[in-house]
Amino acid sequence: MKGHHMPVFQNPQLEGKSIYWPGNATGVLLIHGFTATTAEVRLLADAFKKQGLTVSAPLLPGHGTSPQDMNCQHYTDWIACVESAYKKLRETCSKVIAGGESMGAVLTLYLASEHVELDALLIYSPAIRVDNLKYASILKYLFPILEKSNNDPDDTSWQGYTVNPLYAADELRKLQREVIGRLSVIKQPALILQGIYDKTIHPESGRMIYDGIQSTIKHLEIMRESGHVMLLGKESDHIIGTTMGFLKSADIL
Numbered sequence: 004m005k006g007h008h009m010p011v012f013q014n015p016q017l018e019g020k021s022i023y024w025p026g027n028a029t030g031v032l033l034i035h036g037f038t039a040t041t042a043e044v045r046l047l048a049d050a051f052k053k054q055g056l057t058v059s060a061p062l063l064p065g066h067g068t069s070p071q072d073m074n075c076q077h078y079t080d081w082i083a084c085v086e087s088a089y090k091k092l093r094e095t096c097s098k099v100i101a102g103g104e105s106m107g108a109v110l111t112l113y114l115a116s117e118h119v120e121l122d123a124l125l126i127y128s129p130a131i132r133v134d135n136l137k138y139a140s141i142l143k144y145l146f147p148i149l150e151k152s153n154n155d156p157d158d159t160s161w162q163g164y165t166v167n168p169l170y171a172a173d174e175l176r177k178l179q180r181e182v183i184g185r186l187s188v189i190k191q192p193a194l195i196l197q198g199i200y201d202k203t204i205h206p207e208s209g210r211m212i213y214d215g216i217q218s219t220i221k222h223l224e225i226m227r228e229s230g231h232v233m234l235l236g237k238e239s240d241h242i243i244g245t246t247m248g249f250l251k252s253a254d255i256l
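Add 3 to a position in the sequence shown, counting from 1, and you land on the number used in the working numbering.
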């Protein structure tokens with residue numbers, strides 16, 4: 004197999020396990036992306052912790068283990084994990100914000116469609132449309148695990164698999180379809196950020212969500228120096244600032 008000598012896990016030295024940091028009565032649930040770990044949302048998690056919030060960032064099933072393990076998961080397992088983290092936050096928090104990057108953003112939208120009482124949504128690099136996934140349902144039988152071809156400018160400090168588990172990729176495709184059908188029931192205040200250099204998702208992904216949801220308070224912004232992994236990229240401080248500003252203007256913080 005080509006490139007078999009390559010390690011399948013990038014940046015193993017980083018901390019990528021599930022996060023739960025108790026704080027005040029405002030909780031934030033942060034969901035990492037496809038093949039990633041919680042290291043992807045850690046800078047943002049730290050920023051919310053500094054503000055005194057209760058912070059939860061679950062490590063999704065099949066992540067931080069092995070690509071083979073990830074290929075055994077269904078999108079409903081990821082949803083169950085997110086639902087369970089949300090339920091735990093609700094035990095101590097009167098307000099809950101949910102946010103995610105890439106597939107994490109899609110899972111955030113799913114959660115919003117199920118829970119009208121969610122207070123705000125933070126949607127980063129939303130993987131609601133990924134053209135490469137079209138063939139995953141067929142290719143997975145030929146190549147259960149495929150090397151990634153995509154080089155993202157922001158991913159030097161990203162932790163996760165350097166390969167794509169295609170059975171799992173097909174589960175993401177099913178999740179996308181499910182969530183696209185639910186956009187019209189989403190009404191929470193929503194911040195949607197997409198990087199101009201994002202080669203992973205369809206360029207219209209952010210716009211599709213912005214137009215599809217029914218939120219009165221919604222803001223879509225294209226980040227001028229970001230790729231797909233924007234929460235770890237050169238604009239991460241600016242993105243965190245934009246996030247806090249949005250939540251303050253929506254009276255959530």
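All C-beta atoms in this analysis are idealised placements derived from N, C-alpha and C, irrespective of residue type, glycine included.
query: Where does GLY207 land, buried or exposed, given buried means 16+ other C-beta within 10 angstroms?
result: As a first step, residue 207 is located in the sequence shown; it is residue number 204 there, counting from the start. Residue identity differs from the one stated: residue 207 is Glu in this sequence, not Gly. By the neighbour-count rule (16 or more Cβ atoms within 10 Å), GLU207 is not buried but exposed.
task: Measure the C-alpha to C-alpha separation of LYS52 and ALA83 and round it to an integer number of angstroms.
output: Taking the first residue of the sequence shown as position 1, residue 52 is located at position 49. Taking the first residue of the sequence shown as position 1, residue 83 is located at position 80. Approximately 25 Å, taken between the alpha carbons.
message: For ALA253, tell me which candidate among HIS77, ILE100 and GLU228 has the shortest Cα-Cα distance.
response: Along the sequence shown, read from residue 1 onward, the residue named residue 253 stands at position 250. Comparing Cα-Cα distances from ALA253 to each of HIS77, ILE100 and GLU228, the minimum goes to ILE100.
field: Three or more C-beta pairs below 8 Å linking the region 168 to 179 and the region 71 to 81
entry: yes
query: Between VAL11 and the rest of its own chain, which residues show a CB-CB distance below 7 Å, the 5 nearest in sequence each way excluded?
result: Here residue 11 is taken as the residue at index 8 of the sequence shown, counted from 1. These residues qualify, in order along the chain: PRO70, TYR164, THR165 and VAL166.
- request: Can you check DSSP and say which residues form a bridge with PRO129?
  value: Here residue 129 refers to the residue found at position 126 when the sequence shown is read from its first residue. DSSP, once it has assigned bridges, lists no residue as partnering PRO129.
query: If you draw a straight line from the alpha carbon of ARG210 to that of PRO129, how long is it in whole angstroms?
result: Translated into positions along the sequence shown, residue 210 becomes position 207. Translated into positions along the sequence shown, residue 129 becomes position 126. Taking the straight line joining both Cα atoms gives about 10 Å.
query: What residue from VAL232, ILE216 and GLN217 has the CA that sits closest to LYS202's CA?
result: In the sequence shown, counting from the first residue as 1, residue 202 sits at position 199. Comparing Cα-Cα distances from LYS202 to each of VAL232, ILE216 and GLN217, the minimum goes to VAL232.
- request: Could you check the C-alpha separation between ILE126 and ASP72 for me, to the nearest Å?
  value: Walking along the sequence shown from the start, residue 126 turns up at place 123. Walking along the sequence shown from the start, residue 72 turns up at place 69. Going by the C-alpha atoms only, they are around 27 Å apart.
query: By how many angstroms is the C-alpha of SER160 removed from the C-alpha of GLN13?
result: Reading the sequence shown from its first residue, position 10 is the one you call residue 13. Reading the sequence shown from its first residue, position 157 is the one you call residue 160. Their Cα atoms are separated by approximately 9 Å.
field: Cut-off 8 Å between Cβ atoms - residues of its own chain near LYS98, not counting five sequence neighbours on either side
entry: Along the sequence shown, one-based indexing puts residue 98 at 95. Within the same chain, LYS98 has close Cβ partners ALA28, THR29, GLY30, ASP122 and ILE255.
field: Where TYR213 falls, given that 16 or more other Cβ within 10 Å makes a residue buried
entry: By one-based count along the sequence shown, residue 213 stands at place 210. It is buried - the Cβ of TYR213 has at least 16 other Cβ atoms within 10 Å.
task: Please state whether DSSP places ILE242 in a helix, a strand or coil.
output: As a position in the sequence shown, residue 242 is number 239, starting the count at 1. In this structure, ILE242 counts as helix in the three-state DSSP scheme.
message: Under DSSP, the beta strand (DSSP E) around GLY3 begins and ends at which residues?
response: As shown, the chain starts at 4 and ends at 256. That puts residue 3 outside it, with no answer to give.
Buried versus exposed call for GLY248 [16 or more other C-beta atoms within 10 Å across all chains shown]: Stepping through the sequence shown from its first residue, residue 248 is reached at position 245. Exposed.
Cβ-based neighbour list, GLY103, same chain, cut-off 6 Å, excluding 5 preceding and 5 following: Numbered from 1 along the sequence shown, position 100 holds the residue referred to as residue 103. ILE34, LEU110 and THR111.
- prompt: Which residues mark the beginning and the end of the alpha helix (DSSP H) in which GLY85 is found?
  reply: Locating residue 85 in the sequence shown gives position 82, where the first residue counts as 1. Note that residue 85 corresponds to Val in the displayed sequence, not to Gly. Element bounds for VAL85: 78 to 95.
Residues that PHE12 bridges to, as DSSP identifies them: To locate residue 12, count along the sequence shown from 1; it is residue 9. TYR164, per the DSSP bridge assignment.
- prompt: Contact check, ASN74 vs PRO15 under 8 Å by CB: the rounded distance?
  reply: As a working note, residue 74 is residue 71 in the sequence shown. As a working note, residue 15 is residue 12 in the sequence shown. So it is not a contact: roughly 20 Å between Cβ atoms.
task: Express the C-alpha separation of ARG45 and SER152 in angstroms, rounding to a whole number.
output: Position 149 of the sequence shown, counted from the first residue, corresponds to residue 152. Position 42 of the sequence shown, counted from the first residue, corresponds to residue 45. Taking the straight line from one Cα to the other gives about 25 Å.
- prompt: Going by the CB atoms, is the gap between GLY244 and ASP157 shorter than 7 Å?
  reply: In the sequence shown, residue 157 corresponds to position 154, counting from 1. In the sequence shown, residue 244 corresponds to position 241, counting from 1. Not closer than 7 Å, so no.
- prompt: Going by DSSP, what residues sit across from PRO226 in a beta bridge?
  reply: To locate residue 226, count along the sequence shown from 1; it is residue 223. According to the sequence shown, residue 226 is Met rather than Pro. In the DSSP output, where bridge partners are listed per residue, MET226 has GLY198.
query: Of all the options GLU117, LYS221, ALA48 and PRO192, which has the alpha carbon lying nearest to the alpha carbon of VAL58?
result: For the purposes of this step, residue 58 is identified with residue 55 of the sequence shown, where counting begins at 1. With distances taken between Cα atoms, VAL58 lies closest to ALA48.
message: What does the Cβ neighbour count give for GLY198, buried or exposed, with the cut at 16 atoms within 10 Å?
response: As a working note, residue 198 is residue 195 in the sequence shown. Classification of GLY198: buried, given that the 10 Å Cβ count is 16 or more.
- prompt: Quick one: Cα of TYR23 to Cα of SER140, how far?
  reply: Residue 23 sits at position 20 when you count from the first residue of the sequence shown. Residue 140 sits at position 137 when you count from the first residue of the sequence shown. The alpha-carbon atoms of TYR23 and SER140 are separated by roughly 35 Å.
Spatial neighbours of THR95 in its chain, beta-carbon cut-off 8 Å, leaving aside the 5 residues before and after: For this step, residue 95 is matched to residue 92 along the sequence shown. Same-chain partners within the cutoff: PRO25, ALA28, GLY30 and THR57.
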